[in-house]
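In numbering that gives the first Met the number 0, the protein residues as written are 0 to 337. The beta carbon of each residue, even a glycine, is placed where N, CA and C say it ideally should be. The structure under discussion appears below in the form of structure tokens.
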Amino acid sequence: MIQAAITGERQVAFHELPDPKAKADWAVVKVRASALCTEYKLWMAGQSQAVIGHEGVGEVVEVAERGPVSVGDRVVVLPQFSCGRCHLCMSGDYIYCEDSHDFAAVHGSTAGSGTFAHYTLKPAWLLPRLPDDVSYAQATMAIDGIGASFGGLEAINVNSQDTVLVTGLGPVGLGAVVNARFRNARVIGVEPAPWRANRALEMGAEAVLDPNDPDILQRIRSLTEGRGVNCAVDCSGRVPAERLCIDATRRRGRVAFVGECRDELTITISTDMIRKGLTVVGSWLYNMGDYTKVMKVIRQSPLIDQLISHQLPMSQLQTGFGLLAKGEAAKIVVDPWA
């Protein structure tokens, strides 16, 4: 099979490797489509990665034993290699599993663990089936395109009565716009990149504000009768945006942090939390029990095809990474076989 790798600064290579083999409850999936995520940041920084890609979908082509999937099934390849036995996995919160399989220890190498490849290996229970009327490209949105923000919006119960602030309108943030509009919520976005800001407006955001505007908090309040938004979702992973979410949310409001961030955010418990009565949650994808709800968004939202801005052959991964680096794309989907 062919598998993509990041080999240096702005460098992608394609390696020929043996096809993976099914083993125990692990199935082999022929990857039909895979969406780009934040791999472009590693590509820009020159951080070599032998295996990349975690937003794949495809067709089961080999199983080693009877189980939840069969050869020929069209499936989403859910991320991680969760154990399937702990209380988190059993309750559907597999993404938080603390006992995940060591892929290389199970299979002898990391080959086949990514989705920018012809084939990938996955525990069969992490391969939910696709509805017949959902294309492979659309189905990739079930992971980070729609899935990342779906979990956050679900956790803070966004509904049609809410005004939602979405900070960071990259691919995940634009997915949050799709999810919020599907719930008939009003959306205010925050984004500096013109392409992304314009796409959010096309997708139904009422306003998109520049995070560098020193009066941004007042502008948000002027759009919300002076009270602030009901809910805020940060998809940027940047501390100033996280701080804005807390400051711009009204009393008794709800905040979800979705964007990955390893920097420190200063919160004053009394003024930011207790006296405002905020509900603040962190969210990493969604519970497996909500998979059918995620698929409902993908099947019924008129915005899904706008969320997918580019479809490319996998050989053009560098082009895709470059578009994301310039902020000139939403979700990009590649076909490993094109």
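Where residue i falls, given that 16 or more other Cβ within 10 Å makes a residue buried
i           : result
residue 337 : exposed
residue 71  : exposed
residue 183 : exposed
residue 44  : exposed
residue 292 : exposed
residue 110 : buried
residue 249 : buried
residue 112 : buried
residue 161 : buried
Which of helix, strand or coil DSSP assigns to residue i
i           : result
residue 283 : coil
residue 201 : helix
residue 194 : helix
residue 223 : coil
residue 151 : helix
residue 256 : strand
residue 120 : strand
residue 105 : helix
residue 233 : strand
residue 241 : helix
residue 14  : strand
residue 128 : strand
residue 275 : coil
residue 34  : strand
Residues that DSSP places opposite residue i in a beta bridge
i           : result
residue 188 : 165 and 207
residue 48  : 5
residue 311 : 333
residue 42  : None, per the DSSP bridge assignment.
residue 265 : Answer is none; residue 265 lacks a bridge partner.
residue 58  : 29 and 73
residue 317 : DSSP, once it has assigned bridges, lists no residue as partnering residue 317.
residue 248 : 228
residue 22  : 25
Residue of the options minimising C-alpha distance to residue i
i           : options               : result
residue 314 : 7, 14 and 8           : 14
residue 91  : 200, 283 and 175      : 283
residue 168 : 11, 144, 196 and 212  : 196
residue 305 : 81, 177, 164 and 62   : 177
residue 147 : 29, 252, 43 and 236   : 236
residue 267 : 277, 261, 260 and 259 : 277
residue 242 : 58, 222, 189 and 294  : 189
residue 12  : 316, 325 and 105      : 316
residue 159 : 139, 175, 180 and 149 : 180
residue 85  : 100, 78 and 73        : 100
residue 7   : 58, 47 and 226        : 47
Residue i and residue j closer than 8 Å at C-beta
i           : j           : result
residue 257 : residue 234 : yes
residue 83  : residue 124 : yes
residue 116 : residue 52  : yes
residue 62  : residue 127 : no
residue 212 : residue 171 : no
residue 275 : residue 307 : no
residue 106 : residue 22  : yes
residue 39  : residue 311 : no
residue 173 : residue 199 : yes
residue 145 : residue 296 : yes
residue 215 : residue 187 : no
residue 133 : residue 294 : yes
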